[in-house]
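Colleague: Just so you know, the protein sequences line up as chains A and B, in that order.
For what it's worth, my numbering labels the leading residue of the first sequence as 1, then goes sequentially.
For what it's worth, my numbering labels the leading residue of the second sequence as 1001, then goes sequentially.
Okay, handing you the structure first.
2 protein chains.
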Amino acid sequence: MEKAIRIDQIFKNETAHLEKEVTIQGWVRTRRDSKAGISFIEVNDGSCLRNLQVIADRSRPELESVVERLATGCAVQVQGVVQASPGKGQSIEVHAERIDLFGWADPAVYPLQKKRHSFEFLRTIGHLRPRTNTLGAVARIRNRLSFAVHQFFQKEGFFYVHTPIITSSDCEGAGEVFRVTTLDPAAPPAPGNPDGNVYSQDFFEKPAYLTVSGQLQAEIYALALGKVYTFGPTFRAENSNTSRHLAEFWMIEPEMAFYDLQDNLELAQSFIKYVISAVLDDCQEDLNLFARFVEPTLMETLETLVRETFQVITYTEAVEILKKSGESFDYPVEWGTDLQSEHERYLTEKKFRKPVAIIDFPRAIKPFYMRVNDDEKTVAAVDVLVPRVGEIIGGSQREERLDVLLKQMEIKAVPAEEYQWYVDLRRFGSAPHSGFGLGLERLVQFTTGLGNIREVIPFPRTPGHADF
Amino acid sequence: MEKAIRIDQIFKNETAHLEKEVTIQGWVRTRRDSKAGISFIEVNDGSCLRNLQVIADRSRPELESVVERLATGCAVQVQGVVQASPGKGQSIEVHAERIDLFGWADPAVYPLQKKRHSFEFLRTIGHLRPRTNTLGAVARIRNRLSFAVHQFFQKEGFFYVHTPIITSSDCEGAGEVFRVTTLDPAAPPAPGNPDGNVYSQDFFEKPAYLTVSGQLQAEIYALALGKVYTFGPTFRAENSNTSRHLAEFWMIEPEMAFYDLQDNLELAQSFIKYVISAVLDDCQEDLNLFARFVEPTLMETLETLVRETFQVITYTEAVEILKKSGESFDYPVEWGTDLQSEHERYLTEKKFRKPVAIIDFPRAIKPFYMRVNDDEKTVAAVDVLVPRVGEIIGGSQREERLDVLLKQMEIKAVPAEEYQWYVDLRRFGSAPHSGFGLGLERLVQFTTGLGNIREVIPFPRTPGHADF
């Protein structure tokens, strides 16, 4: 097809394009006709938030015949010359020489008309919602964050590892899991053996699940390649219909040999600063949309995160601060219980007004793989809290001592026979190592200010919803 | 912990490190003791294929006490001074001042001793195999290819989109699918409604599956943002126990609005040249391993791909060439049938001796979404063939005309009610668009010469195998 230029490229260097002929391809956002016979057509091609204004002289019959059909949503190609714009709201515009209409959108039935639509409504038309300003901006920011994840770890010498999606280990009981099967629960086979096990007839010849985390498998690679990270989908079959939960979401999980908790925390800090800086540098226009219409404190929160050193406190200190805070929390604070979102938000939003890293959590409330501290009561865990979202990163130094790990597995009732391979990593060339996990959707929520997690993933999966 | 330098960084600039003190952290590959009381310890930290030789003077008791325990697989930290090496096989070495042993590996039971192990054996110890030279090299090359995928599309203005893993559409019958459920086929619920449907009680309240491709959903985003790509896991529940099939594998699927077949083909060509060039530039040492021990023609094949313009022929021409070839194929060649691997390899390995793009396949053997050509007998499809692997890329221009798409769906018995959203993309602002898919594992096989696909993914899933 005709080689077109993307609209963001024109805006990036307007003067270089002045008086030049360009071809653009995109979708009509609005069309307005002046009485003087001029049409103003706003075209968006998805490369950026801004539309490029196209000026069409309707006295030219070959333009008039196309322009009269143009409505919101139509796919067009415009050839014309870039000119300085005398109008308000833009400094350049394209004077059309030729307009081709690829695909029409009937205004009588096309659901995305100019008015504002609620997020709830847009969710019912998930195949069209990325064409809106807000969801388009989410997609661009999500893209920038995702690429920044790779850029950061690659420059730091990490290797990207694809940990398995289908797994036969149900991963330390981190929540309800989805089953993966070729058997049909509506017509299950007869048990294939005397003990009544239908799974011997399943694809993997035993029960299999969707992963809840790639961490344990990433440890395999960290203890071979040194520094690795995963970035892939993870799953929870929790029946939670809230604005904070998805059944399918994307996780980033770095894992580093020869890193202790302090190293881990420093990495987490420089990592999140890096990815937020990338968005601040490259997505200013999209961020402004969210700062204006969604979350007024957005820019300040993001800039604070990049600028400030994270506050580091122990869990024990956090509990003391919360108890003395004078706040009335819904959930009581007591040493040994998990912090709730309200507690996390108090610490980061009110007490310290910047990101907070809490370390050394009670051993009893954390998983078996976290390294036991010398006090034997706490483990070398770290949670990073940020305003609005609360916990955005959860990590730990891993237990590298064989005897302590086996003891932990016994206490936590982790079946040793299923995790023999994990134990082996402590039998053969064990080393101190650490890692953390960060949910991409939480990160996009933090970056955009959007309150409902269903808006920050292209195709949200929740109880009763797996459309498309 | 002590800040260490990665071994690849020392090798990248040996002279800068000469006479400098360094700390390295890694795993012992071998230890050899000289009669003169010197130990030679090869240390690998996974950052590169090469080991760094550590020289330890055993007359120093504090070294002797550690060194005498060092065996293959031990995790160590070494502090010492980089010196020019008088020995063969390396130009520098580290003279140890201090050695710390983190984790021992008992030579009596550690499975990875110095001898060569078969790939079959290594598959049985999937948690240790990345510690071998070959699997480590695979991991580094896979990492470089994966990042190059992102680098390429980002520099070309594409947006990375996460298409869903769990889907309620069983995707154009591209093969057997896995079911995703919270029901237990071993103990299925009683039907929840009179028509006997147990799925009303399932998590998504209807049958759900693992995706076989993100293409159709990527089209949604291409028709909003212009140019997008997916890079994620896809699944096939085919009961094929071959060296070419996996139940879980990673796919890259770009999708571009305003691209016709020719544009698509040009993108595919520049894409694959870019990612192979990245490996040729940055993974020379790892590539040499495969060229020496796995596939002697490797470097020539890769360099040819980067250098040569792909040969473009129509399917009809391909059939004629194959018929006239004089080769005796296992499968007969007849217009209207799918090309087999042996046909593809003849064309790319013998006839043209470079990558071949075949376009315009018979309409009857291709899916409903491919654009029907004017002859009405063929569709605007493209397959890219490369030596050894055969088809590495499959793509097409998509049918953007509403009436033709509906006709195709009718012919191919695609249920229109399930794909209403897909049809909508042709009702509202449709535009010519195209895309292709490339399996990452095929690409890693092509780049390494490895014959069995189980070696190029960290945790292969095949019938009966979902370990870890």
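Ideal Cβ placement from N, Cα and C applies to all residues, glycine included.
All figures in this text were calculated on a predicted structure; none of them were measured in a lab.
Is the shortest distance between the beta-carbon of Gly-1103(B) and the beta-carbons of chain A less than 8 Å?
Modeller: Stepping through the second sequence from its first residue, residue 1103(B) is reached at position 103. For Gly-1103(B), the answer is yes, since a Cβ of chain A falls inside 8 Å of its Cβ.
Colleague: Using a Cβ-Cβ distance under 8 Å, would Gln-1408(B) count as near chain A?
Modeller: As a working note, residue 1408(B) is residue 408 in the second sequence. No - not a single Cβ of chain A is within 8 Å of the one on Gln-1408(B).
Colleague: Using three-state DSSP, classify Met-1001(B) as helix, strand or coil.
Modeller: By 1-based counting over the second sequence, the position of residue 1001(B) is 1. Coil at Met-1001(B), not helix or strand.
Colleague: Can you list, in chain order, the residues of its chain with a C-beta nearer than 6 Å to that of Ala-1357(B)? Leave out the 5 residues immediately preceding and following it.
Modeller: Reading the second sequence from its first residue, position 357 is the one you call residue 1357(B). Closer than 6 Å at Cβ, skipping near neighbours: Leu-1265, Phe-1310, Val-1312, Val-1382 and Val-1384.
Colleague: Along the beta strand (DSSP E) that carries Ile-1038(B), what are the first and last residues, could you check?
Modeller: Here residue 1038(B) refers to the residue found at position 38 when the second sequence is read from its first residue. Ile-1038(B) -> beta strand (DSSP E) spans 1038–1044.
Colleague: With C-beta atoms as the reference, is Leu-438(A) less than 8 Å away from Ile-393(A)?
Modeller: Within the first sequence, residue 438(A) is the residue found at index 438, counting from 1. Within the first sequence, residue 393(A) is the residue found at index 393, counting from 1. Their beta carbons are under 8 Å apart, which means Leu-438(A) touches Ile-393(A) by this criterion.
Colleague: List, in chain order, every chain B residue whose beta-carbon is nearer than 7 Å to that of Thr-167(A).
Modeller: Reading the first sequence from its first residue, position 167 is the one you call residue 167(A). Here the neighbours are Ala-1466 and Phe-1468.
Colleague: Could you round the C-beta distance between Ala-1096(B) and Val-1054(B) to whole angstroms and report it? I think they count as a contact, below 8 Å.
Modeller: Numbered from 1 along the second sequence, position 96 holds the residue referred to as residue 1096(B). Numbered from 1 along the second sequence, position 54 holds the residue referred to as residue 1054(B). Confirmed, about 5 Å.
Colleague: In this structure, what does DSSP give as the bridge partners for Asp-33(A)?
Modeller: Working through the first sequence from its first residue, we reach residue 33(A) at position 33. Asp-33(A) is bridged to Ser-39(A).
Colleague: Residues of chain B with a CB under 8 Å from the CB of Asp-424(A): which are they?
Modeller: Walking along the first sequence from the start, residue 424(A) turns up at place 424. Per Cβ cutoff of 8 Å: His-1127 and Leu-1128.
Colleague: CA-CA distance, Glu-295(A) and Asp-1375(B)?
Modeller: The residue labelled residue 295(A) in the question sits at position 295 within the first sequence. The residue labelled residue 1375(B) in the question sits at position 375 within the second sequence. In a straight line, the C-alpha of Glu-295(A) is about 55 Å away from that of Asp-1375(B).
Colleague: By Cβ distance, which residues of its chain are closer than 7 Å to Gln-1025(B), with the 5 residues on each side in sequence left out?
Modeller: Sequence index remark: in the second sequence, residue 1025(B) carries index 25 (1-based). Excluding positions up to five away in sequence, the list reads Ala-1004, Asp-1045 and Gln-1077.
Colleague: Quick check: Arg-426(A) and Leu-405(A), are their CB atoms within less than 8 Å of each other?
Modeller: Counting from one through the first sequence, the residue named residue 426(A) turns up at place 426. Counting from one through the first sequence, the residue named residue 405(A) turns up at place 405. Contact: yes.
Colleague: What residue does the beta strand (DSSP E) around Pro-1362(B) start on, and which one ends it?
Modeller: Here the question's residue 1362(B) lines up with position 362 in the second sequence. Element bounds for Pro-1362(B): 1356–1362.
Colleague: Closer than 8 Å between beta carbons: that is the criterion. Which residues of the region 1231–1250 of chain B meet it against chain A?
Modeller: Answer set for the region 1231–1250 of chain B: Gly-1232, Pro-1233, Phe-1235, Ala-1237, Asn-1239, Ala-1247, Glu-1248 and Trp-1250.
Colleague: Run through the region 1123–1154 of chain B for me and flag every whole alpha helix (DSSP H) of 4 or more residues, listed as ranges in chain order.
Modeller: The qualifying runs do not exist here; there are none.
Colleague: The region 422–453 of chain A: which residues have C-beta closer than 9 Å to a C-beta of chain B, in chain order?
Modeller: So the close ones are Tyr-422, Asp-424, Leu-425, Arg-426, Arg-427, Phe-428, Gly-429, Ser-430, Ala-431, Pro-432 and Leu-440.
Colleague: Distance check for Lys-155(A) and Ala-278(A), CA to CA, integer angstroms please.
Modeller: Working through the first sequence from its first residue, we reach residue 278(A) at position 278. Working through the first sequence from its first residue, we reach residue 155(A) at position 155. Approximately 14 Å, taken between the alpha carbons.
Colleague: Between the region 1213–1230 of chain B and the region 1245–1263 of chain B, do three or more beta carbon pairs fall short of 8 Å?
Modeller: Taking 8 Å as the limit for Cβ pairs, the verdict is that the region 1245–1263 of chain B does touch the region 1213–1230 of chain B.
Colleague: Just the Cα atoms here: how many angstroms apart are Gln-1113(B) and Arg-1129(B)?
Modeller: Residue numbering aside, residue 1113(B) sits at position 113 when the second sequence is read from its first letter. Residue numbering aside, residue 1129(B) sits at position 129 when the second sequence is read from its first letter. When rounded, the distance between both Cα atoms is 12 Å.
Colleague: Is the beta carbon of Arg-142(A) closer than 8 Å to that of Val-372(A)?
Modeller: Locating residue 372(A) in the first sequence gives position 372, where the first residue counts as 1. Locating residue 142(A) in the first sequence gives position 142, where the first residue counts as 1. Not in contact: Val-372(A) and Arg-142(A) (Cβ atoms no closer than 8 Å).
Colleague: Any beta-carbon of chain A closer than 8 Å to the one on Trp-1027(B)?
Modeller: Here residue 1027(B) refers to the residue found at position 27 when the second sequence is read from its first residue. So, interface residue.
Colleague: Would you grab the beta carbon distance between Arg-131(A) and Ala-1224(B) for me? Rounded to a whole angstrom, and I think it's under 8 Å.
Modeller: Here residue 131(A) corresponds to residue number 131 of the first sequence, with the count starting at 1. Here residue 1224(B) corresponds to residue number 224 of the second sequence, with the count starting at 1. Contact flag correct, Cβ pair sits at about 4 Å.
Colleague: Does any CB atom of chain A fall closer than 8 Å to the CB of Phe-1204(B)?
Modeller: Taking the first residue of the second sequence as 1, we reach residue 1204(B) at position 204. Yes, contact with chain A.
Colleague: Tell me which residues share the same chain as Glu-21(A) and place their Cβ nearer than 6 Å to its Cβ, disregarding the 5 neighbours each side in the sequence.
Modeller: Position 21 of the first sequence, counted from the first residue, corresponds to residue 21(A). Cβ neighbours of Glu-21(A) beyond the five flanking positions: Val-81.
Colleague: So with Cβ pairs under 8 Å, would you call Leu-1225(B) a contact of chain A?
Modeller: Locating residue 1225(B) in the second sequence gives position 225, counting from the first residue. Cβ-Cβ to chain A under 8 Å: yes for Leu-1225(B).
Colleague: Excluding sequence positions up to five away, which residues of its chain have a Cβ less than 6 Å from the Cβ of Thr-211(A)?
Modeller: As a first step, residue 211(A) must be located in the first sequence, where it is residue number 211. Hits under 6 Å: Ile-165, Thr-167 and Thr-234.
Colleague: Is any beta-carbon of chain B found at less than 8 Å from that of Cys-74(A)?
Modeller: What you label residue 74(A) is simply residue 74 of the first sequence in a count that begins at 1. Output row for Cys-74(A): interface = yes.
Colleague: For chain B, check one thing: does any of its Cβ atoms lie closer than 8 Å to the Cβ of Val-198(A)?
Modeller: Taking the first sequence and counting its residues from 1, the one referred to as residue 198(A) is at position 198. Chain B contact via Cβ: present.
Colleague: Just confirm the distance between the C-beta atoms of Ser-430(A) and Phe-1468(B), as a whole number of angstroms; I'd bet it's less than 8 Å.
Modeller: Counting from one through the first sequence, the residue named residue 430(A) turns up at place 430. Counting from one through the second sequence, the residue named residue 1468(B) turns up at place 468. Incorrect: roughly 18 Å between the Cβ atoms, too far for contact.
Colleague: Per DSSP, which one or two residues make a beta bridge with Thr-230(A)?
Modeller: Counted from its first residue, the first sequence places residue 230(A) at position 230. Partner(s): Glu-253(A).
Colleague: Apart from the five residues on each side of it in sequence, which residues of its chain come closer than 7 Å, Cβ to Cβ, to Phe-1152(B)?
Modeller: Within the second sequence, the letter at position 152 stands for residue 1152(B). For Phe-1152(B), where only same-chain residues beyond five positions count, the Cβ hits under 7 Å are Phe-1271, Tyr-1274 and Val-1275.
Colleague: Applying a beta-carbon distance threshold of less than 9 Å, which residues of chain A neighbour Val-1161(B)?
Modeller: Start at 1 with the first residue of the second sequence, and residue 1161(B) comes out as number 161. What Val-1161(B) touches in chain A: Pro-130, Ala-139, Arg-142, Asn-143 and Pro-458.
Colleague: Is the distance from the Cβ of Ile-1099(B) to the Cβ of Val-1067(B) below 8 Å?
Modeller: Numbered from 1 along the second sequence, position 99 holds the residue referred to as residue 1099(B). Numbered from 1 along the second sequence, position 67 holds the residue referred to as residue 1067(B). Yes. Within cutoff.
Colleague: Are Tyr-369(A) and Glu-399(A) touching if we call contact CB-CB under 8 Å?
Modeller: Residue mapping note: residue 369(A) aligns to position 369 of the first sequence, counting from 1. Residue mapping note: residue 399(A) aligns to position 399 of the first sequence, counting from 1. Contact flag set, yes.
Colleague: What residues from chain A crowd round Glu-1400(B), counting only those whose CB sits closer than 8 Å?
Modeller: On the second sequence, residue 1400(B) is found 400 positions in, with the first residue counted as 1. Chain A residues near Glu-1400(B): Phe-102 and Gly-103.
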